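Asker:
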Amino acid sequence: MWESVKEFASEFFVTGDPLIYGADVSIVLSMIAIVSVLTYFKKWGWLWREWLTTVDHKKIGIMYILASVLMLFRGGVDALLMRAQLVMPEMQFLSGDHYNQIFTTHGVIMILFMAMPLMFGLFNVIVPLQLGARDVAFPFLNSLSFWLFFSGAMLFNLSFVIGGSPDAGWLAYPPYSELAFNPGPGQDFYIWGIQISGIGSLMTGINFIVTILKVRAPGMTLMKMPMFSWSVLSSCIAIVFAFPILTVTLALLFIDRYLGGHFFTLDGGGNPMMYINLIWMWGHPEVYIIVLPAFGIFSEIVATFSRKKLFGYKSMVFAMIIISVLSFLVWAHHFFTMGSGADVNAFFAVTTMLIAIPTGVKVFNWLFTMFRGKITFETPMLWTVGIIPNFVIGGMTGVLLSVAPADFQYHNSYFLVAHFHQVIIAGVVFGFFAGLYYWWPKIFGFKLNERIGRWAFWLWNIGFYLCFMPQYALGLMGMTRRLYSYGWDKGWFEMNLVSTIGAVIMGAAFLVQIWDIAHSLKHMKKDTTGDPWDARTLEWSIPSPAPFYNFAVMPQVTSQDDWHERKLRIEQGLEKPEKVELEPIHMPKNSGIPIVMSMFWFFVGFGLIFDWLWMAVPGFIGVIACMVVHSFNYDTDYYVTVEEIKRTEAAAGRVIT
Amino acid sequence: MKTSKTVRCMSFLFMFILLFLTTGCADNYIVLDPKGPIGEQQKDLMILSTLLTLIVIVPVLILTFVIVWRYRDREGRKAKYTPNWEHSTKLEIIWWGIPIIIITLIGIVTVRYTYFLEPSKPLESEKKPITIQVTNLDWKWLFQYPEQGIATVNYVQFPEDVPVRFEVTSDAPMNSFWIPQLGGQIYAMSGMSMTLYLQADEQGEYMGSGANFTGKEFAKMFFTANATSQEDFDQWVNQVKNTSPELTLDGYKELTKQGTSDVRHFSAFPEGLYEMTVTKYAASHNHGLSTRVQPPARVKE
Amino acid sequence: MSKQSVQGTADQHGGHGSLKSYVIGFVLSLVFTIIPILALENGWLDSDKRIIIYLTAALFQFIVQLFFFMHLKEEDKPRYNLMSLLLGLFIVFLIVIGSIWIMMYNMVAL
Amino acid sequence: MANVNAGHHDHHPDQEELRTFAFWIYLMTDVILFATLFATYIVLQGSTDGGPGPKDLFQMSGIYASTFILLTSSFTSGLAILAMNKGNRLALMNWLGVTVFLGASFLFLEINEFMHLVSEGATISTSAFWTAFYTLVGTHGLHVALGLGWMIILIMQIAKRGITPVTKRKVNIISLFWHFLDVVWIFVFTIVYVMGVN
Ligand code: HEA
Ligand code: HEA
Ligand code: CUA
Ligand SMILES: [Cu+2]
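First to last, the protein sequences are chains A, B, C and D. When you line the first sequence up against UniProt numbering, it's residues 1 to 657, in that order. When you line the second sequence up against UniProt numbering, it's residues 1 to 301, in that order. When you line the third sequence up against UniProt numbering, it's residues 1 to 110, in that order. When you line the fourth sequence up against UniProt numbering, it's residues 1 to 198, in that order.
See below:
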């Protein structure tokens, strides 16, 4: 008996690596710590009522952001481990197997469990406020999206300690990812982790499209909508059309692995190229999905801190929509070297380059928003200004890659690695940082410390250039990606050394940011104005943090930067803060179904990964049961009384008569 | 004052990076130091496209610094401030127009080169191409010389100035066959035989590698591509024929097992081994070893 | 979500569709199913050209379902349903045609 | 994803409109899903790995029957809507019942067909072609099964609550879904079956 338990455990848990034992111990310790703190302070009920079952978009947004910062840490630790292994030739720090797992989890976690939720977090907190809405169109669905993402992310991360991580790269190309070469559960963790959270992303896409198109404050026509909301709309359009492709692709891979199918296997007539074709049909739109909202963020910040109207609003909108459609037309640039022929390569090379045009238009419009403005450099603006040259260079190397015959030399080299980190970090990560610094007061009710923030900015940027500029050089030296080791004879040592130093500096920058948050929490200066940056859009017209019903009174929108205009009118005495008639507000009730249902999904995934039908089948029945229960529940909303609105507003320092 | 520091730091940083890029031993940049016609043209194309993009990128960078510098908020500044200026058709036309022009140029160049450098197009040369069949195995490269009847592992030799017709397949997960100094890569996929023409104009030992991840010891898949004189090549072939063991079918099976390998030479290989490897997976795949018409040779520009 | 915050009219997707239009739609859909069956069973034209018949019939069938059953044309403005459908069909076209183009004509392999 | 129809409800009629719109977008995602499956099927169509192909095993008569059954069910689900708009609860429930019955017959025929194919030696792991076939046709079948379960639940809700704005929206949505499945089947029928044996 004991023997079989031991045998099971040695297969079930990942063993043999001190790093992993370390992780095991720290995971168990932090679990115990969390549980005992919650129990000691009797916070379980509070946690359940206020957070786990919440359907409030702002709280959901905060949970997304929290989770994604955690994932940034995990992905960043992976990055530092890789850089440590690569710091010099013939390092013995990580074995080949382990290194392969680490770059795979790094890529997956960074893109799907860090960038996506960070983006969704900002969508959630900000979009309804910008639109002057009470909530997103479907608060229940929103909560379900979050919990699905969360279960997927947890499932994926579990592979680190149970069963073993996937190691086939972040896009899991077959045939290597097929059963024949990859029999362990790692690849199934990959499939189910992404699949479950992907369904959540799809629902978020639908939810925000409906919200933006149909739930705006009266008077806010589409062409008066803030640019961030536009960027969210274009990103969600791409989500809705791209994510089903991912769902299918992963499902097909799973059918191969689980049911013995032959879609992408070597034998049975399978065709691995089809997987590559399909995954990039999702993969390319995906990278624009995460960068478009960042474009929206820059647009908001640039206008606010230049104290000037956004330049070329219509052009910006148009450019964004074009980008989201064009992003579906370029996928083959990821496999120019697969031999599809000159016709295919020429076509996809040209469509790829075309994207540079609308992207360039956006850059110019930001520049000319600053032109003849009055620029101040608070942290959000500092990030934005730093990003522009950085992203432009990354975009330029993208265009170089899109020159198909030249890509035969760049492909899968560190030149490519440098390109995508530059567009992703300078575009997406820094963009979301800028957004976080900008909206932080709105989300949490206090500003982050500017001085420490500036330190973080410089460290991140210097670290970035040091880390990734040498990688372009390495690419031109012929260094290919996904190498766990290289020889002294290659001449790659110096650049790798510099690159690793850069990575460490970025790690330090991350720690400085955490410190920034801790420091600002301790010396909290509450934002009493609700509008600390003297900004332009509706979210700044209400107290920080926003009351749970957002707007005590529905705003009437008349112009593009409505809040800015209203402030001007009040200043000039043209508009007095008017008397308002408060009405009871209709609100959705909290629900425990999303979290429970996502837990069942987790069991489905886990059961299928280990081929434990006794777990997967009940899990699936649980999922169905949750849907049915929810369908029969007609009691899902309530009204907030006028009294309570008055009390809440007064507590936020606003008197409503 | 804040901004001036910004700009100074930034420009300092850029100089620093430039310094790095230019001083780090220049002969390491093998992609930019090609030794064959394909690599040569790819390098030209890389440089040309870089220059074309720089036409827009450099002004954008300069403009960014200038605007940020000039319009920063400070006491008594003279620069204009127009808070409501938000549209200018003229400007919009400029920045839609210029990128369109540049992209059109790059696009035209790209399309021309794409057809011209199509990897399966034979190279123009008086000399008859030599065929080398490449098989990607789990964590080693097998080279077969159908004309010479010899085979090697992780080492390939061929005469200079002679077009080499690489036929590339895989008996393992998909890889990518790449000799940076001779020219770009091509995927090595099972069930297919990809054609890649390369040629070395100079004698020398060039690094070759697998560029697409295939698992545990993927990092050990480097090989040497040695371009020698025709005499040296013939002599080498003879020597391999006379001194090396034969590659048997069982020997091949042994090679396909997962593991790394040192350089090895074989005086012979089983008849039709390469074709067998390809067709093994291509039972239904519509592009195995069909004898398709060869595309016309490429002509010099 | 208070009511004034929602765009568009509150007109329910109710009143449309009459028995007549449903019956017409049904009959048409039967016709467009029978045509390809006849073509197949009786071997009209030769087998390559027959494919055009099949695909055309399927296309018409699709249109019939869209207009007679799914009431696409009765949508209120702005016609987001129509727009998303068109964009969706465009992407469908890309996926199918793009895959075929990329996958079926690998030029480098000999 | 069926719970798109669920979520908290609201007494404002426009909330129902939002849901209908959201469901339409969900249908678009399903369109993409099927497009991807079709693309895969078409690409792998020839990859029978020397085993049996469509011409060898498809039995068209059963397919014709199930096609007509599904077409008819699309029609009856439309009749259900008409009954609902007239406020006739009983007729609504009856027509939905008929639709469920037809859908179930369709599924029955499909399962039968699959069992026949398997008995002829064409399983999901026979070759890439059969993998693609079972996946594409099976995914459509799963959607039908889902729709059936959903319709049954809906009939129960109508029995309990009558025709309210909420149940009305739900019926509208399920009938949209049903027509959509009919459309998908048309393409399965044409591309997989008719063109398969052509
Ligand atoms: C946020 C993510 C993001 C973004 C925005 C981009 C943007 C672009 N990318 Fe990138 N890319 C990735 C993420 C991203 N990419 C990732 C993750 C990979 C690799 C994945 C993997 O293999 O693992 C990749 C790989 C990749 C390849 C494949 C290379 C290979 O595998 O060999 C190519 C090839 O064409 C490419 C091109 C481009 C282009 C042309 C753009 C353009 O959109 C850039 C446009 C922007 C500008 C050009 C700058 C601003 C414009 C102006 C100032 C106007 C004027 C400019 C000109 C006229 C030039 N990318
Ligand atoms: C959003 C996307 C994203 C982001 C933000 C990053 C961020 C970073 N990435 Fe990553 N990367 C990818 C997406 C991303 N990457 C993808 C998709 C791949 C391809 C994967 C594949 O090939 O399949 C990749 C691959 C990749 C490689 C290539 C691996 C290979 O091919 O062999 C490298 C190598 O240098 C690298 C480095 C880094 C570094 C140094 C950072 C830095 O920015 C990280 C910053 C560091 C931190 C934030 C650390 C914070 C933590 C601490 C300070 C704690 C320290 C404590 C301990 C060490 C215990 N990445
Ligand atoms: Cu690769 Cu066929
Ligand atoms: Cu791309």
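A virtual CB, placed ideally from N, CA and C, is assigned to each residue, including glycine. Computed from a predicted model, the values in this text were never measured in an experiment.
Quick check: Gln199(B) and Val164(B), are their CB atoms within less than 8 Å of each other?
Answerer: Result yes, Cβ atoms of Gln199(B) and Val164(B) sit closer than 8 Å.
Asker: Could you run through the segment 47-81 of chain C and flag, in chain order, every residue whose CB is less than 9 Å away from some CB of chain A?
Answerer: Within the segment 47-81 of chain C, the qualifying residues are Pro78 and Tyr80.
Asker: Quick check on the DSSP output: the beta strand (DSSP E) that includes Met207(B) runs from which residue to which?
Answerer: Its beta strand (DSSP E) spans residues Gly204 to Gly210.
Asker: Are there 16 or more other CB atoms within 10 angstroms of the CB of Trp185(D), so buried, or fewer, so exposed?
Answerer: Buried, by the Cβ-count rule.
Asker: So is Ser125(B) in contact with chain A if we call contact Cβ pairs under 8 Å?
Answerer: Ser125(B) does not count as touching chain A.
Asker: Are any of the Cβ atoms in chain A nearer than 8 Å to that of Met189(B)?
Answerer: Answer yes: the Cβ-Cβ gap between Met189(B) and chain A drops below 8 Å somewhere.
Asker: Is Gln195(A) close to chain B? Criterion is C-beta to C-beta, closer than 8 Å.
Answerer: False, the Cβ-Cβ gap to chain B never drops below 8 Å.
Asker: Is Trp101(C) close to chain A? Criterion is C-beta to C-beta, closer than 8 Å.
Answerer: Yes, contact with chain A.
Asker: Determine the extent of the beta strand (DSSP E) in which Gln157(B) is found, giving its start and end residues.
Answerer: Where Gln157(B) is concerned, the enclosing beta strand (DSSP E) stretches over Tyr155 to Pro159.
Asker: In chain A, which residues lie with their C-beta within 7 Å of the C-beta of Leu33(D)?
Answerer: Those within 7 Å of Leu33(D) in chain A are Pro244, Thr247 and Val248.
Asker: Spell out whether any CB of chain A is found under 8 Å from the CB atom of Val94(C).
Answerer: The question names Val, but residue 94(C) is Leu in the sequence shown. True, the Cβ-Cβ gap to chain A drops below 8 Å.
Asker: Using the beta-carbon count (16 or more within 10 Å), is Phe433(A) buried or exposed?
Answerer: Phe433(A) comes out buried.
Asker: When burial is assigned at 16 or more other CB atoms within 10 Å of the CB, is Ser591(A) buried or exposed?
Answerer: When all chains shown are included, Ser591(A) counts as buried.
Asker: Quick check: is any heavy atom of ligand 2 less than 7 Å from the C-beta of Thr89(B)?
Answerer: Not under cutoff, so the answer is no.
Asker: Quick check: is any heavy atom of ligand 4 less than 7 Å from the C-beta of Val330(A)?
Answerer: Correct: Val330(A) has its Cβ closer than 7 Å to ligand 4.
Asker: So if I threshold CB-CB distances at 8 Å, which residues from the segment 21-45 of chain D count as touching chain C?
Answerer: Result list: Phe21, Trp24, Ile25, Met28, Val31, Ile32, Ala35, Thr36, Phe38, Ala39, Thr40, Ile42 and Val43.
Asker: If you run the structure through DSSP and keep just helix, strand and coil, what is Val31(D)?
Answerer: Helix, per DSSP.
Asker: Please determine, among Ser209(B), Pro37(B), Ile106(B) and Ile98(B), the residue with the shortest C-alpha to C-alpha distance to Thr50(B).
Answerer: Among Ser209(B), Pro37(B), Ile106(B) and Ile98(B), the Cα nearest to that of Thr50(B) is on Ile106(B).
Asker: If you reduce the DSSP assignment to three classes, tell me which class Lys362(A) lands in.
Answerer: Helix at Lys362(A).
Asker: Report the residue ranges of all alpha helix (DSSP H) runs contained in full by the segment 375-428 of chain A; include only those spanning at least 4 residues, in chain order.
Answerer: The segment 375-428 of chain A contains these whole alpha helix (DSSP H) runs: 379-402, 404-410 and 414-421.
Asker: Under 8 Å, with one C-beta from each stretch per pair, do the segment 198-215 of chain B and the segment 32-41 of chain B reach the 3-pair mark?
Answerer: Contact holds: three or more Cβ-Cβ distances are below 8 Å.
Asker: At what residues does the beta strand (DSSP E) containing Leu329(A) begin and finish?
Answerer: Segment: none, Leu329(A) is in no beta strand (DSSP E) and carries neither H nor E.
Asker: CB of Val417(A) to nearest heavy atom of ligand 4: below 7 Å?
Answerer: Incorrect: Val417(A) has no Cβ contact closer than 7 Å to ligand 4.
Asker: Give me whichever residues DSSP pairs with Tyr639(A) in a beta bridge.
Answerer: Partner(s): His586(A).
Asker: Per the DSSP calculation, Ala225(B) is bridged to which residue(s)?
Answerer: Answer is Val156(B) and Tyr206(B), bridged to Ala225(B).
Asker: Let me check one thing: in DSSP terms, what residues is Tyr162(A) bridge-paired to?
Answerer: Checking the sequence, you will find Ile at residue 162(A) rather than Tyr. Answer by DSSP bridge pairing, in chain order: Phe13(A).
Asker: Helix, strand or coil, according to DSSP, for Asn5(D) in the structure here?
Answerer: Legend: pLDDT at Asn5(D) = 35, less than 50; position of this residue unreliable, no value from coordinates given.
Asker: Examine ligand 1 and report whether any of its heavy atoms sits within less than 7 Å of the Cβ of Met396(A).
Answerer: Yes.
Asker: Would you please verify whether the beta carbon of Met195(D) is less than 8 Å from any beta carbon of chain C?
Answerer: For Met195(D), the answer is yes, since a Cβ of chain C falls inside 8 Å of its Cβ.
Asker: So that I know if they touch, is there some Cβ in chain A lying closer than 8 Å to that of Asn136(B)?
Answerer: By this cut-off, Asn136(B) is not an interface position.
Asker: Any chance you could list the alpha helix (DSSP H) runs of at least 4 consecutive residues sitting entirely within the segment 58-113 of chain A, in chain order?
Answerer: Those alpha helix (DSSP H) runs which fall completely within the segment 58-113 of chain A and span 4+ residues are 96-108.
Asker: Does Asp267(A) get closer than 8 Å to chain B when you measure Cβ to Cβ?
Answerer: Asp267(A) counts as touching chain B.
Asker: Grouping DSSP H, G and I as helix and E and B as strand, with all else coil, what is Ala151(B)?
Answerer: Residue state, collapsed to three classes: strand.
Asker: Short of 7 Å in beta carbon distance, which residues of its chain neighbour Gly76(A), apart from the five on each side in sequence? Order them along the chain.
Answerer: For Gly76(A), where only same-chain residues beyond five positions count, the Cβ hits under 7 Å are Gly507 and Phe510.
Asker: Could you list which residues in chain C have their beta carbon closer than 7 Å to that of Thr67(D), in chain order?
Answerer: Under the 7 Å cutoff, chain C gives Thr33.
Asker: Who are the Cβ neighbours of Pro296(B) in its own chain at under 6 Å, not counting the five residues just before and after it?
Answerer: Low confidence applies to Pro296(B): its pLDDT is 39, below 50, so where it sits in the model is not reliable enough to give any reading.
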